[in-house]
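Novice:
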Amino acid sequence: MGIEPTTRGFAARADLLDVEVAQLTRYVDTANAARLEGTLSPTGRVSTEGALRARASAAAAAERARAITAGTPYKWQVGHGPDTTWTGSAVGREWHDQTQRVNASLGGSSRAYPIGYRPTIFQVKFVDGRLYPQITGG
């Protein structure tokens, strides 16, 4: 995965497992829902260094512990949906169970956007050229 600067979306790797494709599309759906609800950061992308990173990591650890106690542990990593950099909040709209490479890539891809960038849509571009979600109409 990673960023595809020409489309300003997440570019998917060719070797994604089906479960990782599902994780990517769920993330994009969640991020777009947050965008439409107006729950992204009003100042655009924010830095996640320092105190915000510590709070976001603590929130994910607390969610992992909650899930274990509830008997519904995460299989992979606890992912913020959408990432803290887009919301400015340590707790996302929802929590996602993501493989390490999906979680790390989504977080890392956001660094291709400058602080303050305000997304108009979140998309993933697959290696066959498909965009998800597709934009129809005009």
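Residue numbers for the sequence shown follow the numbering used here, so the first one is 1259 and each next one is one higher. All C-beta atoms, glycine included, are put in the ideal place defined by N, C-alpha and C.
Roughly how far, in whole angstroms, is the beta-carbon of L1298 from the beta-carbon of T1342, given that I think they are within contact range, below 8 angstroms?
Specialist: Actually they do not touch by this definition, with Cβ atoms about 11 angstroms apart.
Novice: To the nearest angstrom, report how far apart A1317 and A1292 are at their CA atoms.
Specialist: Looking at the two C-alpha atoms, the distance is approximately 19 angstroms.
Novice: Do I1373 and S1305 have their beta-carbon atoms positioned less than 8 angstroms apart in this structure?
Specialist: yes
Novice: The beta strand (DSSP E) with Q1335 in it runs from where to where?
Specialist: If you look at Q1335, you'll find it in the beta strand (DSSP E) that goes Q1335 to G1339.
Novice: By the 10 Å Cβ neighbour count, where 16 or more other Cβ atoms means buried, how is T1330 classified, buried or exposed?
Specialist: Per the 10 Å Cβ criterion, exposed.
Novice: Buried or exposed: where does V1286 fall if 16 or more other Cβ atoms within 10 Å of its Cβ makes it buried?
Specialist: With 16 or more Cβ atoms within 10 Å of its Cβ, V1286 is classed as buried.
Novice: Measure from the alpha carbon of T1283 to the alpha carbon of each residue in H1354, D1273, G1366 and E1307, then state which is nearest.
Specialist: H1354
Novice: What is the rounded straight-line gap between the Cα of Y1332 and the Cα of V1277?
Specialist: Approximately 14 angstroms between the Cα atoms of the pair.
Novice: Which same chain residues, not among the five before or five after I1379, have their C-beta less than 6 angstroms away from its C-beta?
Specialist: Within the same chain, no residue comes within 6 angstroms of I1379 by CB-CB distance, once the 5 residues on both sides are set aside.
Novice: Rounded to the nearest angstrom, what separates A1319 and T1327 at their Cα positions?
Specialist: 12 angstroms
Novice: Reducing DSSP to helix, strand and coil, say where V1382 ends up.
Specialist: It is a strand residue.
Novice: Excluding the 5 residues preceding and the 5 following V1349 in the sequence, name in chain order all residues of the same chain whose CB lies nearer than 6 angstroms to its CB.
Specialist: A1317
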